[in-house]
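Notes for the one structure printed next.
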Amino acid sequence: MAAEPVRIDDPADPRIAGFVSIRERDLTGREGLFIAEGTVVLRMLGAAPARDNGFVADAFLLLENRLAGIADVLATFPLTVPVYVASAAVFDAVAGFNMHRGVLALGRKPASERGETLLEGLPETSLVLVGCGLSNHDNVGSIFRNAAAFGADAVFLDGMSCDPLYRKAIRVSVGSVLTVPFSRGLDAHAMLQRLAEAGFDIWGLSPRGEVTVGEIPAARRIALVLGTEGEGLPETILSSFRTARIPQRPGLDSLNVATASGIALYQIALAMGRVG
Numbered sequence: 001m002a003a004e005p006v007r008i009d010d011p012a013d014p015r016i017a018g019f020v021s022i023r024e025r026d027l028t029g030r031e032g033l034f035i036a037e038g039t040v041v042l043r044m045l046g047a048a049p050a051r052d053n054g055f056v057a058d059a060f061l062l063l064e065n066r067l068a069g070i071a072d073v074l075a076t077f078p079l080t081v082p083v084y085v086a087s088a089a090v091f092d093a094v095a096g097f098n099m100h101r102g103v104l105a106l107g108r109k110p111a112s113e114r115g116e117t118l119l120e121g122l123p124e125t126s127l128v129l130v131g132c133g134l135s136n137h138d139n140v141g142s143i144f145r146n147a148a149a150f151g152a153d154a155v156f157l158d159g160m161s162c163d164p165l166y167r168k169a170i171r172v173s174v175g176s177v178l179t180v181p182f183s184r185g186l187d188a189h190a191m192l193q194r195l196a197e198a199g200f201d202i203w204g205l206s207p208r209g210e211v212t213v214g215e216i217p218a219a220r221r222i223a224l225v226l227g228t229e230g231e232g233l234p235e236t237i238l239s240s241f242r243t244a245r246i247p248q249r250p251g252l253d254s255l256n257v258a259t260a261s262g263i264a265l266y267q268i269a270l271a272m273g274r275v276g
């Protein structure tokens with residue numbers, strides 16, 4: 001059973017201040033908060049306590065005609081989480097643009113970064129992704145969706161990569177950002193060195209890779225490294241670790257990084273016996 005809904009008629013109501021000007025605040029940050037959008041993502045957020053990953057909901061803002069349809073989703077959250085409903089005009093005025101989905105949650109990030117402890121908590125047999133300079137939120141969201149689909153244990157993003165808790169990244173990931181453990185902020189070289197010391201075989205994905213992704217041998221621990229859109233991985237990383245490529249017809253320089261991550265993850269997960 002969810003909290004009793006509270007109607008909002010004024011876009012300036014302080015109770016919904018966390019939802020105001022969504023696009024602008026996506027760029028400037030919310031001081032430990034994030035916006036989750038859509039029914040599927042809310043289901044993931046509602047299951048967060050069972051996964052003990054630290055994500056919680058602070059409040060909901062819904063179009064009034066969506067309330068009945070997501071009653072079962074809201075029932076998975078504590079009664080202490082307020083549910084606000086509004087007309088389309090008020091809802092759009094709060095968001096700053098037309099929000100046709102009409103289902104938003106204000107979520108709270110875990111109190112502390114998991115970067116220092118994430119590596120230590122990985123299982124003995126692990127598959128992880130490492131992102132270097134990933135700046136496109138759609139691609140980051142898709143990469144997390146691929147990571148979830150092929151059983152990756154974690155995603156490590158360097159400090160140059162965008163925040164996967166950006167609203168659009170969460171939506172594109174279909175909530176997988178809330179289920180796949182991740183850390184963000186470490187220097188790429190330091191991060192890869194730590195993974196290597198922890199027994200990971202490091203494979204950088206590049207059109208100039210020395211072997212195909214299908215030739216990556218099974219190992220106890222594998223880390224797949226992805227570079228920024230366009231430029232790819234820096235030469236310092238390509239020259240320090242083994243590299244793999246995805247064979248393709250000539251004419252294009254490379255695949256989109258999210259598409260490439262899905263193909264490579266499938267091949268590696270297959271070699272490790274994680275899919276089949």
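In full-length UniProt numbering, the protein residues as written are 1 to 276.
All C-beta atoms, glycine included, are put in the ideal place defined by N, C-alpha and C.
Source: prediction; values computed, not measured.
Cα separation between Arg145 and Tyr266? Here residue 145 corresponds to residue number 145 of the sequence shown, with the count starting at 1. Here residue 266 corresponds to residue number 266 of the sequence shown, with the count starting at 1. Approximately 12 Å, taken between the alpha carbons.
Shortest alpha-carbon distance to Leu122 belongs to which of Ile216, Ala152, Leu134? Position 122 of the sequence shown, counted from the start, is the residue given in the question as residue 122. Nearest C-alpha to Leu122: Ala152.
Going by the CB atoms, is the gap between Leu224 and Leu255 shorter than 8 Å? Along the sequence shown, read from residue 1 onward, the residue named residue 255 stands at position 255. Along the sequence shown, read from residue 1 onward, the residue named residue 224 stands at position 224. No. Outside cutoff.
Going by beta carbon distance, what residues of the same chain come within less than 6 Å of Gly159, once the five residues before and after it are set aside? By 1-based counting over the sequence shown, the position of residue 159 is 159. Here the set comprises Gly185.
By a C-beta neighbour count over all protein chains shown, 10 Å radius and 16 as the cutoff for buried, is Thr117 buried or exposed? Taking the first residue of the sequence shown as 1, we reach residue 117 at position 117. Exposed is the call here.
So, for Arg66: in the same chain, excluding its five sequence neighbours on each side, which residues have a beta-carbon less than 7 Å away from its beta-carbon? Position 66 of the sequence shown holds residue 66. Same-chain partners within the cutoff: Gly102, Val103.
Other residues of its chain near Val20: CB distance less than 7 Å, five sequence neighbours each side excluded: For this step, residue 20 is matched to residue 20 along the sequence shown. Counting only Cβ-Cβ distances below 7 Å, and skipping sequence neighbours, we find Val94.
Using beta-carbon positions only, say whether Ala59 and Val81 come within less than 8 Å of one another. Within the sequence shown, the letter at position 59 stands for residue 59. Within the sequence shown, the letter at position 81 stands for residue 81. In this structure, Ala59 lies near Val81, with their beta-carbon atoms less than 8 Å apart.
By alpha-carbon positions, which one of Asn139, Leu270, Ala105, Ala148 ends up nearest to Ser161? Stepping through the sequence shown from its first residue, residue 161 is reached at position 161. When only C-alpha atoms are compared, the closest one is Asn139.
Determine whether the beta carbon atoms of Cys132 and Leu226 lie at a separation below 8 Å. In the sequence shown, the residue the question calls residue 132 occupies position 132. In the sequence shown, the residue the question calls residue 226 occupies position 226. It is a contact, given that the beta carbons lie within the stated cut-off.
State the DSSP-derived secondary structure class of Val6, mapped to helix, strand or coil. Within the sequence shown, the letter at position 6 stands for residue 6. Three-state DSSP puts Val6 in a strand.
With a threshold of 7 Å on Cβ separation, who are the neighbours of Ala219 within its own chain once the five nearest residues in sequence on each side are excluded? Taking the first residue of the sequence shown as position 1, residue 219 is located at position 219. Excluding sequence neighbours, Ala219 sits near Asp201.
Residue from Arg7, Glu64, Gly54, Leu178 with nearest C-alpha to Val41: In the sequence shown, the residue the question calls residue 41 occupies position 41. Per the Cα distances, Leu178.
Answer with buried or exposed for Ser135, where buried requires no fewer than 16 other C-beta atoms within 10 angstroms of its C-beta. By 1-based counting over the sequence shown, the position of residue 135 is 135. Per the 10 Å Cβ criterion, exposed.
Residue interval of the alpha helix (DSSP H) (run including Ala269): Within the sequence shown, the letter at position 269 stands for residue 269. It spans 257-271 - the alpha helix (DSSP H) in which Ala269 sits, taken as one unbroken run.
Rounded to the nearest angstrom, what separates Asp187 and Gln193 at their Cα positions? For the purposes of this step, residue 187 is taken as residue 187 along the sequence shown, with counting starting at 1. For the purposes of this step, residue 193 is taken as residue 193 along the sequence shown, with counting starting at 1. Their backbone Cα atoms lie some 10 Å apart in a straight line.
Considering Glu37, what are the terminal residues of the beta strand (DSSP E) in which it resides? By 1-based counting over the sequence shown, the position of residue 37 is 37. Its beta strand (DSSP E) spans residues 33-37.
Across which residues does DSSP place residue 292 in a beta bridge pair? As displayed, the chain neither begins before 1 nor continues past 276, which places residue 292 out of reach and without an answer.
Sorted by chain position, which residues of the same chain lie with C-beta nearer than 6 Å to Leu157's C-beta, five sequence neighbours on each side aside? Residue mapping note: residue 157 aligns to position 157 of the sequence shown, counting from 1. Within the same chain, Leu157 has close Cβ partners Gly131, Arg184.
As a quick exercise: from Ala68, Asp52, Asp92, pick the residue whose alpha carbon is nearest that of Ile16. Position 16 of the sequence shown, counting from 1, holds the residue named residue 16. The option with the nearest alpha carbon to Ile16 is Asp92.
Check this for me: beta carbons of Gly209 and Thr243, under 8 Å apart or not? Your numbering for residue 209 matches position 209 in the sequence shown. Your numbering for residue 243 matches position 243 in the sequence shown. Yes.
C-alpha distance - Pro11 paired with Leu270, whole-angstrom precision: The sequence position of residue 11 within the sequence shown is 11, counting from 1. The sequence position of residue 270 within the sequence shown is 270, counting from 1. Near 51 Å, if we compare the C-alpha coordinates of Leu270 and Pro11.
Just list the residues that DSSP pairs Ile15 with in beta bridges. Residue 15 sits at position 15 when you count from the first residue of the sequence shown. It is Arg, not Ile, that sits at residue 15 in the sequence shown. Its beta-bridge partners do not exist; DSSP assigns none.
Can you tell me where the alpha helix (DSSP H) with Thr236 in it begins and where it stops? Translated into the one-based positions of the sequence shown, residue 236 becomes position 236. 235-238 is the extent of the alpha helix (DSSP H) around Thr236.
Glu197: buried (16+ other C-beta within 10 angstroms of its C-beta) or exposed? In the sequence shown, counting from the first residue as 1, residue 197 sits at position 197. Answer is exposed; the Cβ neighbour count stays below 16.
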